[in-house]
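All remarks here apply to the structure that follows.
Residue numbers (this note's numbering), protein chains in the order written: chain A, 7 to 120; chain B, 41 to 150.
Take a look at the structure:
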């Protein structure tokens, strides 16, 4: 069966420091991968999605970047964190992009920028 | 503008009671509607996915309905349990995007 792992689960970072959140999927090949941010009281906001190795699409301009160095690995990064980057980040995968397939989410990463 | 609005924002019910959560949308065209359950501090878990041609879909005590004419969906929870305490998120899939509601926070009290 397929599983998705995301880490770290929680981190507290000072303003201006770098960020790296990592996500891996097991049990499937060529998944579509997503990074979402979830703010309190608001819907899931899609940050990046990827349909293949090295292929990254950004949905919103921001201080973050994403990379997909391997088929089942998705990384969210920042060179210099801002206070506004604090939030709950979710990695997810699906078999097909935007179709009726289920999107499977990781357990999330709480980021607090201080 | 494509939007998904969920109501109520929060709901408190007693264990064993039924409840219904609402999802109204203006997304057009749309191909599928999803309901997810999200425990506090965890990732969302899929409950149901319906295409625009389906009216109802069940997953245990959870039943989702869809009225494409009025652009409304509901999630009915039967015989609630303490473990049903969570946020419930509605998402609309169209050809090129998924639009999510802000969720309804459900609290089940013993």
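Every residue, glycine too, gets a C-beta built ideally from N, C-alpha and C.
Q) Is any beta-carbon of chain B found at less than 8 Å from that of residue 113 of chain A? A) By one-based count along the first chain, residue 113 of chain A stands at place 107. Chain B contact via Cβ: present.
**Q.** Which residues DSSP lists as bridging residue 53 of chain B, in chain order
**A.** Translated into positions along the second chain, residue 53 of chain B becomes position 13. DSSP, once it has assigned bridges, lists B/148 as partnering residue 53 of chain B.
Q) Using 8 Å as the limit for Cβ to Cβ distance, is residue 22 of chain A near chain B? A) For this step, residue 22 of chain A is matched to residue 16 along the first chain. Interface annotation, residue 22 of chain A: not in contact with chain B, CB-CB separation never under 8 Å.
Q) How about the stretch 57 to 64 of chain B and the stretch 107 to 116 of chain B: do they share at least three Cβ pairs that are nearer than 8 Å? A) yes
Q | Cut-off 6 Å between Cβ atoms - residues of its own chain near residue 97 of chain B, not counting five sequence neighbours on either side | A | In the second chain, residue 97 of chain B corresponds to position 57, counting from 1. Short of 6 Å from the beta carbon of residue 97 of chain B, and not among the five residues preceding or following it, lie these beta carbons of its own chain, in chain order: 88, 90, 104.
Q) First and last residue of the beta strand (DSSP E) that includes residue 102 of chain A? A) Here residue 102 of chain A refers to the residue found at position 96 of the first chain. Note, residue 102 of chain A: premise wrong, no beta strand (DSSP E); not H, not E.
Q) Roughly how far, in whole angstroms, is the beta-carbon of residue 83 of chain B from the beta-carbon of residue 96 of chain A, given that I think they are within contact range, below 8 Å? A) In the second chain, residue 83 of chain B corresponds to position 43, counting from 1. In the first chain, residue 96 of chain A corresponds to position 90, counting from 1. Contact holds; Cβ gap of about 6 Å.
Q: Would you mind stating whether residue 126 of chain B and residue 79 of chain B have Cβ atoms separated by less than 8 Å?
A: For the purposes of this step, residue 126 of chain B is taken as the residue at position 86 of the second chain. For the purposes of this step, residue 79 of chain B is taken as the residue at position 39 of the second chain. Yes, the Cβ-Cβ distance between residue 126 of chain B and residue 79 of chain B is below 8 Å.
Q. Quick check: the stretch 106 to 113 of chain B against the stretch 9 to 21 of chain A, are there 3 or more CB pairs under 8 Å?
A. no
**Q.** Cβ neighbour criterion (16 or more within 10 Å) applied to residue 136 of chain B
**A.** The residue given as residue 136 of chain B occupies position 96 in the second chain. Burial call: exposed.
Q. Closest Cβ-Cβ distance between residue 50 of chain A and chain B: below 8 Å?
A. By 1-based counting over the first chain, the position of residue 50 of chain A is 44. Interface residue, yes.
(Q) Check for me: the beta strand (DSSP E) holding residue 128 of chain B runs from which residue to which? (A) Here residue 128 of chain B corresponds to residue number 88 of the second chain, with the count starting at 1. Element bounds for residue 128 of chain B: 126 to 133.
Q: Output yes if chain B places a C-beta closer than 8 Å to the C-beta of residue 96 of chain A; else output no.
A: Here residue 96 of chain A corresponds to residue number 90 of the first chain, with the count starting at 1. Chain B, which has a Cβ nearer than 8 Å to the Cβ of residue 96 of chain A, makes this yes.
**Q.** Contact list for residue 84 of chain B against chain A, beta-carbon separation under 7 Å
**A.** Position 44 of the second chain, counted from the first residue, corresponds to residue 84 of chain B. Chain A residues near residue 84 of chain B: 111.
Q: Would you check if the stretch 30 to 44 of chain A and the stretch 61 to 75 of chain B touch, i.e. whether three or more CB-CB distances between them fall below 8 Å?
A: no
(Q) Which residue wins for smallest C-alpha separation from residue 150 of chain B, given the options B/53, B/101, B/70? (A) Walking along the second chain from the start, residue 150 of chain B turns up at place 110. Comparing Cα-Cα distances from residue 150 of chain B to each of B/53, B/101, B/70, the minimum goes to B/53.
**Q.** Proximal residues to residue 112 of chain A (C-beta, below 8 Å), its chain only, five neighbours per side dropped
**A.** Here residue 112 of chain A corresponds to residue number 106 of the first chain, with the count starting at 1. Taken in chain order, the residues that qualify are 10, 11, 12, 29, 96, 97, 98.
Q) Counting contacts by CB-CB distance shorter than 8 Å, is residue 93 of chain A in contact with chain B? A) As a first step, residue 93 of chain A is located in the first chain; it is residue number 87 there, counting from the start. Not flagged as an interface residue toward chain B: residue 93 of chain A, since no C-beta distance is shorter than 8 Å.
Q) For the stretch 49 to 77 of chain A, which segments carrying the alpha helix (DSSP H) assignment without a break, of at least 4 residues, lie completely within its bounds, in sequence order? A) Within the stretch 49 to 77 of chain A, not a single complete alpha helix (DSSP H) segment reaches 4 residues in length.
Q. Which word fits residue 81 of chain A, buried or exposed, when buried means at least 16 other C-beta atoms lie within 10 angstroms of its C-beta?
A. As a first step, residue 81 of chain A must be located in the first chain, where it is residue number 75. Looking at its Cβ environment, which holds 16 or more other Cβ atoms inside 10 Å, residue 81 of chain A is buried.
Q. Taking Cβ positions, are residue 57 of chain A and residue 27 of chain A nearer each other than 8 Å?
A. Stepping through the first chain from its first residue, residue 57 of chain A is reached at position 51. Stepping through the first chain from its first residue, residue 27 of chain A is reached at position 21. In terms of Cβ geometry, residue 57 of chain A and residue 27 of chain A do not form a close pair [threshold 8 Å].
Q: Look at the Cβ atom of residue 70 of chain A, then the Cβ atom of residue 53 of chain A, and state whether they are nearer than 8 Å.
A: Your numbering for residue 70 of chain A matches position 64 in the first chain. Your numbering for residue 53 of chain A matches position 47 in the first chain. Yes, these two residues count as a Cβ contact at 8 Å.
Q | Beta-carbon gap between residue 120 of chain B and residue 148 of chain B smaller than 8 Å | A | To locate residue 120 of chain B, count along the second chain from 1; it is residue 80. To locate residue 148 of chain B, count along the second chain from 1; it is residue 108. Contact flag set, yes.
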